[in-house]
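With my numbering as the guide, the letters of the sequence shown map in order to residues 215 to 481. For every residue, glycine included, the Cβ atom is placed at its ideal position computed from N, Cα and C.
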Amino acid sequence: MKKGIILCADDFGMSDSVNHAIIELIELGRLSATSCMTTMPNWQSAANLLKNSQSSQAAIGLHFNLTEGEHSQPLNRLIVQSLSGKINTDHIVMTLRQQLDAFENTLGYAPTFVDGHQHVHAFPRIRTAIMTELQQRYGDNQPWVRDPITPLTGHDSLLKAVIIRTLQFGFRHSLNKHTHTNSSFAGLYSLTPEADFPAMMVQWLSQLSHGGLIMCHPASETSQDEHAQARIREYQYLASDQFGDTLDQLNINLVNHPSDTTAPHKG
């Protein structure tokens, strides 16, 4: 049996270059999920692009955001508040409700899954507030949730991996009874121009278990953000015949749910 891996592009809604790259890769069968930033100024037009695309085989989720754009706060401050117990969980719940409302009101359906920009959804106390709200809002039909259980090897960002592992420690114990999550996780790296994304992707695909998830951050050649070169390289590789051949050689199905065995991969 082929190994099922979720390949998820984060940051849908961030910019036109990100949005168009993700849509193209979904339609090529080279992505099986994307998570949406409903707080971005152009979310409405991004959502319309998604609705008009051939993306029905991909999981569409919420990329819960506390650190980017209007009304955000610095990541370092959020980490300290989360670890110290001084975070305002009422504000977290209100923000989550607003972002879920924006997702549902624009797309017309609930998110298939929830993850977090810079993994904020897995931080202590934030994750508890999120799980409580998802249970109250969706009951037994709640979205699956990403576990960013980052390996310490297979990338070039050891310090960042240690920080994420520390923050997400105990994450699985916070999950609701009926909440699905990925079995394993990869995709972390420095996002520098020198990083060998194709080589890391081959390693991640080889090492992850069935039901694992790889995050990525592609953008088209018009990208101008701080990680533009890395984003463009991701897009070019994921759209290439080389990547399609790699999926076939490693016997990988790109799936849209942690327990799924069906494949949107088209070769």
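Using DSSP with H/G/I as helix, E/B as strand and the rest coil, what is residue i?
i	result
Gly426	strand
His479	Only weak support exists for where His479 lies, its pLDDT of 37 falling under 50; the coordinates are left without a value.
Ala400	strand
His471	coil
Could you check where the beta strand (DSSP E) with residue i kicks off and where it finishes?
i	result
Lys217	Lys217 to Phe226
Phe327	Phe327 to Gly330
For the alpha helix (DSSP H) containing residue i, list its first residue and its last residue.
i	result
Ala343	Ile340 to Tyr352
Phe411	Phe411 to Gln421
Val376	Leu372 to Gln382
Quick check on the burial criterion: 16 or more other C-beta atoms within 10 angstroms. Buried or exposed for residue i?
i	result
Glu347	buried
Phe383	exposed
Gln463	exposed
Asp459	exposed
Met308	exposed
His331	buried
Ser298	exposed
Met254	buried
Glu448	buried
Val328	buried
Under 8 Å between the Cβ atoms of residue i and residue j?
i	j	result
Gln312	Asn470	no
Leu280	His333	no
Ile236	Pro432	yes
His394	Pro472	yes
Gln421	Gly353	no
Gly425	Gly218	yes
Phe283	Cys250	Before going on, a small fix: residue 283 reads as Gly here, not Phe. Taking 8 Å as the Cβ cut-off, Gly283 and Cys250 do not qualify as a contacting pair.
Leu427	Arg386	no
3-residue-minimum beta strand (DSSP E) runs that sit fully inside the segment 234-278, ordered along the chain: 247-250 and 273-278
* Could you give the uninterrupted runs of the beta strand (DSSP E) lying entirely in the segment 284-322, keeping only those of 3 residues or more? -> none
Q) Which runs of the beta strand (DSSP E) fall wholly inside the segment 432-468 and span at least 3 residues, in chain order? A) 466-468
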